Amino acid sequence: MKKNIVLIIFSLLTVPAFSQLTAEQRIQDSVIGWWNDNYWDRNWKPQTDPVGKKKEVHLKNMIEWMKKSYTPVGGLGTVTRYLQNGGYGVKFMVWNVSHEKEWTDAKGNFKPIPEENTKFYISVNKLFGAYPVSFINKPGLYLFTWQPDGYENEYYKDKRIEGIQPDAAKYITIRNEMQNIILAPDNKLPITPVTKGEYLQLADEALSTQFVKASEYDKKAIARIRKHIAQIKEKHKATLTEATILKEMQPSMYSLDGFDPFEISPYNKTQKQYYPLYKLTADVQQKLKAAEPQWVTISVPFKTKQDGNQLHEMYTAITENINYDYIYDYFFNPDKIKGIPYKAANEEQLNVRLSRYRNKNKAN
């Protein structure tokens with residue numbers, strides 16, 4: 000009897016030990032925040048020209064907006080500012096972390112584990128899932144394909160929500176390789192659909208220009224492809240004024256070499272594996288050089304609870320707690336928010352989530 004009592008007491012004493020989470024396990028529920036080291040922003044150079052300085056101010060604000068809207072949980076956040084031809088923005092990353100000595104600094108603070116990160120963005124004049132038609136493009140003319148909303152929505156993947164979130168859904172929302180909320184004046188992007196006839200004409204003109212400097216081998220290919228372009232024009236003569244939808248995401252001249260670029264299989268239609276074609280006109284390309292954006296894109300990969308706290312909190316905060324109305328007004332209706340500081344959307348909800356994580360860790 001005494002032996003049984005001793006065993007029962009021992010088992011009761013050992014239950015808490017077995018249920019206690021390790022430090023590594025507690026990371027998933029830890030509110031970690033943003034790294035105070037600027038390593039991932041080390042290549043940024045202070046801007047000296049007036050346009051560059053204004054872009055720098057906008058970038059500073061983008062970082063502030065994100066940090067007020069999203070506090071990394073289960074990972075460490077970093078910031079990388081960038082400038083590109085026609086655009087600029089901030090690449091944010093949330094990194095995996097560990098208490099192991101090689102992944103902490105001298106004070107025991109977390110450092111990012113190399114290559115274990117997830118990227119998300121606030122970008123000016125950038126479209127995710129867009130790819131240039133390089134064999135046609137030239138100064139003053141820029142054609143590109145753009146993955147459609149719901150792109151590659153394959154049956155074995157988690158079904159994606161129809162919109163994004165109510166606070167963001169009134170803006171342009173495109174779900175392709177990223178979940179994109181796009182802010183543009185009057186919800187209209189300054190991009191122009193390209194018709195089938197225009198695409199074939201531009202392709203033929205581009206090949207005619209390339210023929211002059213081509214090798215003998217390439218001249219034969221170009222001549223053959225131009226003949227086939229004429230056949231495609233004849234085949235589609237009744238629909239040449241329709242908007243172009245291509246079966247290839249990154250078309251080349253060889254996409255027209257004996258193939259019909261407009262023929263899309265029923266399966267690819269079902270999976271939305273097809274690519275509308277657009278262009279940026281010369282005047283729009285000129286406007287892209289300015290500090291003031293033509294559009295602003297907030298992009299994040301789709302994540303659910305099944306992806307873990309780190310990624311689900313990232314997705315939730317960016318789709319629910321970014322103040323899209325404020326950012327829209329900042330760029331396109333600035334008088335409306337003059338003198339008003341940025342505040343996260345659904346801030347109370349955000350604070351409740353973060354408190355829940357903190358309290359859960361205390362309990363463990």
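Residue 363 is where the sequence shown ends in numbering that gives the first Met the number 0, and the numbering goes up by one at each step. C-beta: ideal position from N, C-alpha, C; glycine also. Keep in mind the model is a prediction, meaning the values are calculated, not measured.
Whole-angstrom distance between residue j and residue i, CA atom to CA atom
i    : j    : result
K361 : K288 : 50 angstroms
Q368 : D40  : As shown, the chain starts at 0 and ends at 363. That puts residue 368 outside it, with no answer to give.
N124 : N84  : 10 angstroms
K234 : S251 : 20 angstroms
P77  : Y150 : Strictly speaking, residue 77 in this sequence is Thr, with Pro absent from that position. Distance between the alpha carbons of T77 and Y150: 29 angstroms.
P15  : P300 : The predicted model places P15 with a pLDDT of 48, which falls under 50 and marks its position as unreliable; any figure quoted below should be read in that light. Their backbone Cα atoms lie some 38 angstroms apart in a straight line.
L58  : R80  : 7 angstroms
K195 : S133 : 17 angstroms
S298 : F119 : 6 angstroms
F258 : A129 : 22 angstroms
K66  : F91  : 10 angstroms
Y155 : A105 : Bear in mind that a pLDDT of 46 at Y155, under 50, signals an unreliable position, so the number given afterwards is only what the model happens to contain. Answer to the nearest angstrom: the Cα atoms are 45 angstroms apart.
Q146 : L239 : 21 angstroms
Y274 : V295 : 22 angstroms
S68  : R225 : 53 angstroms
N136 : Y216 : 22 angstroms
T364 : N175 : Look at the range of the chain in this structure, 0 to 363, and you will see that residue 364 is not part of it.
I339 : D48  : 28 angstroms
S354 : E101 : 30 angstroms
A242 : R223 : 25 angstroms
I336 : T269 : 43 angstroms
N37  : I171 : 32 angstroms
E347 : Y341 : 15 angstroms
D324 : N332 : 10 angstroms
D334 : E114 : 42 angstroms
N345 : Q19  : 34 angstroms
R25  : E197 : 58 angstroms
Q285 : V56  : 21 angstroms
D328 : A167 : 14 angstroms
Beta-carbon gap between residue i and residue j smaller than 8 angstroms
i    : j    : result
N116 : V93  : yes
N322 : A343 : yes
K246 : P260 : yes
L255 : A220 : no
T191 : T280 : yes
F330 : L182 : yes
F365 : L82  : Since the first residue of the chain shown is 0 and the last is 363, residue 365 is not available in this structure.
S97  : E23  : yes
V283 : Q272 : no
F72  : E312 : The sequence as given places Val at residue 72; Phe does not occur at that position. In contact: V72 and E312 (Cβ atoms closer than 8 angstroms).
I121 : M177 : no
L206 : I231 : no
I228 : I244 : no
M248 : T144 : yes
G107 : T70  : no
P111 : W43  : no
Per DSSP, the bridge partner or partners of residue i
i    : result
G86  : Q83
V30  : V72
T296 : S122, I181
P192 : Y277
R174 : Q178
P364 : Outside the shown range of the chain (0 to 363) lies residue 364, about which nothing can therefore be said.
T117 : V93
F109 : T103
L245 : Y274
V78  : F91
K137 : L140
Integer-rounded CB distance, given that residue j should sit under 8 angstroms from residue i
i    : j    : result
W64  : I326 : 6 angstroms
D148 : I180 : 12 angstroms between Cβ atoms; not a contact.
V30  : Y356 : 5 angstroms
Y87  : K54  : 5 angstroms
V351 : Y277 : That belief does not hold up - the Cβ atoms of V351 and Y277 are roughly 42 angstroms apart, past 8 angstroms.
V50  : A290 : 5 angstroms
is_contact[residue i, chain E] using C-beta, thresh 8 angstroms
i   : result
Q27 : As a matter of chain content, chain E is missing from the structure shown, which is built from one protein chain.
Within the chosen definition, does the segment 202 to 219 reach the segment 179 to 190 through at least 3 CB pairs nearer than 8 angstroms?
no
Does the segment 131 to 140 come close enough to the segment 302 to 315 that 3 or more CB-CB pairs lie under 8 angstroms?
no
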